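What follows is one structure encoded as structure tokens, with my remarks underneath.
2 protein chains.
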Amino acid sequence: MTGSVRPPSKFLAAIAQIQEMIKRDRLGPGDKIPSERELSDRLSIGRSSVREALRALELLGLIETRRGEGTFLRDFKDHQLVPLIGTFLFDGDQTKEDIHDVKAILELGCLAVLVRNETADAKELTNSVGQLIEKTDNRLLQSIWMIISNYAGNDPDDERLQKLLASAREIQYSKRQ
Amino acid sequence: MTGSVRPPSKFLAAIAQIQEMIKRDRLGPGDKIPSERELSDRLSIGRSSVREALRALELLGLIETRRGEGTFLRDFKDHQLVPLIGTFLFDGDQTKEDIHDVKAILELGCLAVLVRNETADAKELTNSVGQLIEKTDNRLLQSIWMIISNYAGNDPDDERLQKLLASAREIQYSKRQ
DNA sequence: TGAATTGTGTGGTCTGACCACTTAAAGGAA
DNA sequence: TTCCTTTAAGTGGTCAGACCACACAATTCA
Chain C
453 MTGSVRPPSK
463 FLAAIAQIQE
473 MIKRDRLGPG
483 DKIPSERELS
493 DRLSIGRSSV
503 REALRALELL
513 GLIETRRGEG
523 TFLRDFKDHQ
533 LVPLIGTFLF
543 DGDQTKEDIH
553 DVKAILELGC
563 LAVLVRNETA
573 DAKELTNSVG
583 QLIEKTDNRL
593 LQSIWMIISN
603 YAGNDPDDER
613 LQKLLASARE
623 IQYSKRQ
Chain L
453 MTGSVRPPSK
463 FLAAIAQIQE
473 MIKRDRLGPG
483 DKIPSERELS
493 DRLSIGRSSV
503 REALRALELL
513 GLIETRRGEG
523 TFLRDFKDHQ
533 LVPLIGTFLF
543 DGDQTKEDIH
553 DVKAILELGC
563 LAVLVRNETA
573 DAKELTNSVG
583 QLIEKTDNRL
593 LQSIWMIISN
603 YAGNDPDDER
613 LQKLLASARE
623 IQYSKRQ
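Quick mapping for you: the protein sequence lines, in order, are chains C and L.
Basically the numbering used here = 1-based index in the first sequence + 452.
Basically the numbering used here = 1-based index in the second sequence + 452.
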């Protein structure tokens, strides 16, 4: 017998086809996607498998379901995935130290970005780092920091902040071509 | 009528309880978790709902299912969530820049940590940043970097690396108490 | 001993049946 | 007519049962 590739699970197939459908029909946040039963029909996949796919996408925060109404595309900005991951990832003991390191790294980097963009001012450092990060206008950075910060707890350490800024001034991230 | 809070969906309840079970039983990567039918029994939740939960966790790369064998905890290093999210999230144009920034931030921070720990040596910089990051012994940092890096693509920019190291030397993350 | 067979457990999938809820249409009272 | 009530249809939420495909270990048989 040659290869005999195993076909992808209906579950994954459903996700792929739903994604494709969204893209093809130019659906955006807030738009409604077909009902579970209709999807099951159109994709020739049992409703169970369609639901498994939808639930997974929902857990990721990519869609939103409202009983009696339907399933809607969500604004990707507020995806849930990371807090989710966190609960799994941040279990161990060592990770606690790691969190502090990563948080510091992100904060430093954030400042560096601000300095590069000349958005930041020394005075503004009286604000919390959280507010500063919002100014980076980097959604990805914001997301990650928010998550980390969520697990690190608050530590308004002004002294550390000053050191970070000093370091940040030294850094010049090369603008990408 | 007062509040009348809606009970959380079985789907979410299943996820929560499975997580709790994992924590309680001290299960780690590679370990097997109860079968779908047993979970359905123990949690008093229909197998369909249990499956929806498991599929979602699988999509995140947190568990792995093998037909005929069972469901196993996966090493968090290779969680799938980001490629997944990516197809939804990283469509736009701006996000692409964000990725580069975050990647640079992490790399810089990584070097700073290495310098602090006196683990890094100038010579070692001939290696890729990826290998350096492994030495930080910071799982969280490794995870995030791997994800980001996955979307940023490779750019072996030695010059940038040198600048980063110089900056890193200036930085002294205060050891946590 | 060693190979083939069987049995059991597991995930993968589908179907049909309810329930709870939302919305809009249909109906009747003013 | 207008307004409220009732009804119907559509949707997600959940469950139970039934198969199938597969992996593994126990059993059987040559």
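Just so you know, even glycine gets a beta-carbon here, dropped at the ideal spot from N, CA and C.
These figures come from a predicted structure and were not determined experimentally.
Helix, strand or coil at residue i according to DSSP, with G and I counted as helix
i	result
R526/C	coil
R499/C	helix
E516/C	strand
F540/L	Here F540/L scores only 44 on pLDDT, less than 50, and its place in the model should not be relied on; the value that follows carries that caveat. Reduced to three states, the DSSP call for F540/L is helix.
I557/C	helix
P459/C	coil
L577/L	Model confidence at L577/L stands at a pLDDT of 49, short of 50, so the residue's coordinates are unreliable and nothing is read from them.
Proximity test, Cβ basis, 8 Å: residue i and chain L
i	result
F463/C	yes
L495/C	no
E472/C	no
M453/C	Here the model assigns M453/C a pLDDT of 46, short of 50, so the residue's position is not dependable, and the following value carries that caveat. Answer no: the Cβ-Cβ gap between M453/C and chain L never drops below 8 Å.
F540/C	With a pLDDT of only 48 at F540/C, under the threshold of 50, the placement of this residue in the model should not be trusted; the figure read from the coordinates follows. With 8 Å as the cut-off, F540/C counts as an interface residue toward chain L.
Below-8 Å beta-carbon distance, residue i vs any chain C residue
i	result
E521/L	no
E516/L	no
S492/L	no
R507/L	yes
I485/L	no
R489/L	no
L558/L	yes
L479/L	no
E586/L	no
R503/L	yes
Integer-rounded CB distance, given that residue j should sit under 8 Å from residue i
i	j	result
L514/L	R526/L	6 Å
I557/L	L464/C	Not a contact, Cβ separation roughly 33 Å.
Sub-8 Å separation of residue i and residue j beta-carbons
i	j	result
I485/L	A466/L	no
L491/L	I474/L	no
S500/C	S500/L	yes
F524/L	G482/L	yes
Open item on the list: Using 8 Å as the cut-off, can you tell me whether the segment 505-513 of chain C makes contact with the segment 503-519 of chain L, which would need three or more C-beta pairs spanning the two stretches below that distance?
Closed with: A contact is defined here as three or more CB-CB pairs under 8 Å, and the segment 505-513 of chain C meets this definition with respect to the segment 503-519 of chain L.
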